[in-house]
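Below: one structure, written as structure tokens.
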Amino acid sequence: MSYVPESSVNIDKRNLHPSMKFRAVIAGWLIATGVAGLLYVAGLALGFSSFDAWNAAGSAKGIGIGTAIWMIITWVAALFLGGMFASWFDGRNDDTMGALHGVTVWGLSVTMTALWLALGLGHSMSGHGSMMGMHADGDNARGGNPSAMAGGGAVAVLDANIAFQLTGREHGVSAPIVAALIANHDDTASALLAADTGTTQASAAQALQRLSPQIGLARAEAKMTADRTAHYLAMTLWVAFISSFLALLAAAIGGWLGASHIHHVYHLRKYPARPTSRVN
């Protein structure tokens, strides 16, 4: 005769819609921020170590490419670990909730990064504007306001040639004339030059006609600068998009892996109980 004791069945009551733990999300975001900061410091160290002052142009190009690659690696690694730690802080072996925690860590990281960049750019632009205003006031007081567009090259040569024709109190107001010439507004430029020098528009047009070679070079340089700026801006935006998208996938995968391997952290493995029996 065998006797099998009656075993009680414990029913685990669970929520059909488990809630998200935002403290775990914030903790994962802090982990991601710390890892990103650590990798940024390592990237700066590598960049300064590879810089060659004797070949500045080649070093700058290499550093630019390396910065783009390192940015992608930093975002992917930081958000992967942030999502994984968020699922570990959550403490549940739920793959879906782990992935959701990782995605939320990514969203918080992107939002805080965008806010930080906006605040930094706004502060730098306001400070740059005030400094430019102080410099402009000082130059006007001395009668020598340099053109903001004359950063170097053909544009600087054109600005110097036009400024040479402006004497006395009119000296230093060549920036509007240079801007009109680069924008192919020759009539506007001759009118401005005539108004500044007190001559007729025809004589001003003749004076500008003698500067046709410099004007052509300045226009070509301005177009090349605009094309280069647009190219660099497009590359920067593409790098930001690729790094953010790959970081989103990495955060989701990290949260999913962290939740599926939660037993390695909290030892939540469950084994079926061996039934006991008594035989008489």
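Residue numbers (the numbering used here): 79 to 358.
All residues carry an ideal CB built from backbone N, CA and C; glycine is no exception.
**Q.** Anticipated Cβ contact below 8 Å, A78 with G176, distance rounded
**A.** Nothing can be reported for residue 78: it is not among the residues displayed for the chain, which extend from 79 to 358.
Q. Looking only at C-alpha atoms, which of I320, L124, A267, V103 sits nearest to F167?
A. Working through the sequence shown from its first residue, we reach residue 167 at position 89. The shortest Cα separation from F167 among I320, L124, A267, V103 belongs to V103.
Q: Kindly list the residues whose CB is nearer than 8 Å to the CB of D173, restricted to its own chain and excluding five residues on each side of it in sequence; keep chain order.
A: Indexing the sequence shown from 1 puts residue 173 at position 95. Closer than 8 Å at the Cβ level, and outside the excluded window around D173, lie W334, A337, S338.
(Q) Which same chain residues end up closer than 8 Å to I141 when comparing Cβ atoms and leaving out the 5 residues on each side of it in sequence? (A) Here residue 141 is taken as the residue at index 63 of the sequence shown, counted from 1. Here the set comprises G125, S128, F129.
Q: Kindly indicate which three-state DSSP category D305 falls into: helix, strand or coil?
A: Taking the sequence shown and counting its residues from 1, one reaches residue 305 at position 227. Correct three-state label for D305: helix.
Q: Measure the C-alpha to C-alpha separation of S97 and M313 and round it to an integer number of angstroms.
A: Taking the first residue of the sequence shown as 1, we reach residue 97 at position 19. Taking the first residue of the sequence shown as 1, we reach residue 313 at position 235. For S97 and M313, the distance between alpha carbons rounds to 40 Å.
Q) If you draw a straight line from the alpha carbon of G112 to that of S202, how long is it in whole angstroms? A) What you label residue 112 is simply residue 34 of the sequence shown in a count that begins at 1. What you label residue 202 is simply residue 124 of the sequence shown in a count that begins at 1. Roughly 25 Å between the two C-alpha positions.
Q: Please report how far the alpha carbon of V301 lies from the alpha carbon of I331, in whole angstroms.
A: In the sequence shown, residue 301 corresponds to position 223, counting from 1. In the sequence shown, residue 331 corresponds to position 253, counting from 1. Checking the displayed sequence, the identity of residue 301 turns out to be Lys instead of Val. C-alpha separation (whole angstroms): 45 Å.
Q: Assign T189 to buried or exposed, taking buried as 16 or more other Cβ atoms, counted over all protein chains shown, within 10 Å of its Cβ.
A: Working through the sequence shown from its first residue, we reach residue 189 at position 111. Around the CB of T189, fewer than 16 other CB atoms lie within 10 Å, so the residue is classed as exposed.
Q. Taking Cβ to Cβ, would you say I109 is nearer than 7 Å to L159?
A. Position 31 of the sequence shown, counted from the start, is the residue given in the question as residue 109. Position 81 of the sequence shown, counted from the start, is the residue given in the question as residue 159. The Cβ atoms of I109 and L159 lie closer than 7 Å to each other.
Q: Report, in whole angstroms, the separation of the C-beta atoms of G106 and A164, which I expect to be a contact under 8 Å.
A: The residue you call residue 106 lines up with position 28 of the sequence shown. The residue you call residue 164 lines up with position 86 of the sequence shown. About 3 Å separates the CB atoms of G106 and A164; that is less than 8 Å, so the two are in contact.
Q) Grouping DSSP H, G and I as helix and E and B as strand, with all else coil, what is R288? A) Here residue 288 corresponds to residue number 210 of the sequence shown, with the count starting at 1. Here R288 sits in coil by DSSP.
Q) What three-state label does DSSP hand I340 in the structure shown? A) Position 262 of the sequence shown, counted from the first residue, corresponds to residue 340. I340 falls in the coil class under three-state DSSP.
Q | From V154, V183, I147, residue whose alpha carbon lies closest to that of F100 | A | Translated into positions along the sequence shown, residue 100 becomes position 22. Nearest option by C-alpha distance: V183.
Q: Could you say which of S321, G161, G200, L197 lies nearest to V181 if we only look at CA atoms?
A: Mapped onto the sequence shown, residue 181 falls at position 103. That would be G161, whose Cα lies nearest to the Cα of V181.
Q | T191 versus G121 - alpha carbon distance | A | As a working note, residue 191 is residue 113 in the sequence shown. As a working note, residue 121 is residue 43 in the sequence shown. Going from the Cα of T191 to the Cα of G121 covers about 18 Å.
Q: Report yes if the C-beta distance between I260 and L270 is below 7 Å; otherwise report no.
A: Here residue 260 refers to the residue found at position 182 when the sequence shown is read from its first residue. Here residue 270 refers to the residue found at position 192 when the sequence shown is read from its first residue. For I260 and L270, no; Cβs fall outside 7 Å.
Q: Throw me the rounded Cβ distance for the I150 and I320 pair, which I believe falls under 8 Å.
A: The residue you call residue 150 lines up with position 72 of the sequence shown. The residue you call residue 320 lines up with position 242 of the sequence shown. Contact flag correct, Cβ pair sits at about 6 Å.
Q. How big is the Cα-Cα spacing for A234 and W153?
A. Counted from its first residue, the sequence shown places residue 234 at position 156. Counted from its first residue, the sequence shown places residue 153 at position 75. Straight-line Cα distance between these residues: approximately 41 Å.
Q: Grab the span of the alpha helix (DSSP H) containing S128 for me, first residue to last.
A: Mapped onto the sequence shown, residue 128 falls at position 50. Run containing S128: 100-128, per the alpha helix (DSSP H) assignment.
Q) Going by the CB atoms, is the gap between Q284 and L380 shorter than 7 Å? A) No statement about residue 380 is possible, as the shown extent of the chain runs from 79 to 358 and does not include it.
Q. Taking Cβ positions, are A273 and A267 nearer each other than 7 Å?
A. For this step, residue 273 is matched to residue 195 along the sequence shown. For this step, residue 267 is matched to residue 189 along the sequence shown. Against a cut-off of 7 Å, the Cβ pair of A267 and A273 comes out as no contact.
**Q.** Expected contact under 8 Å - CB spacing of L195 and A325 to nearest Å
**A.** The residue labelled residue 195 in the question sits at position 117 within the sequence shown. The residue labelled residue 325 in the question sits at position 247 within the sequence shown. That pair is no contact at about 16 Å.
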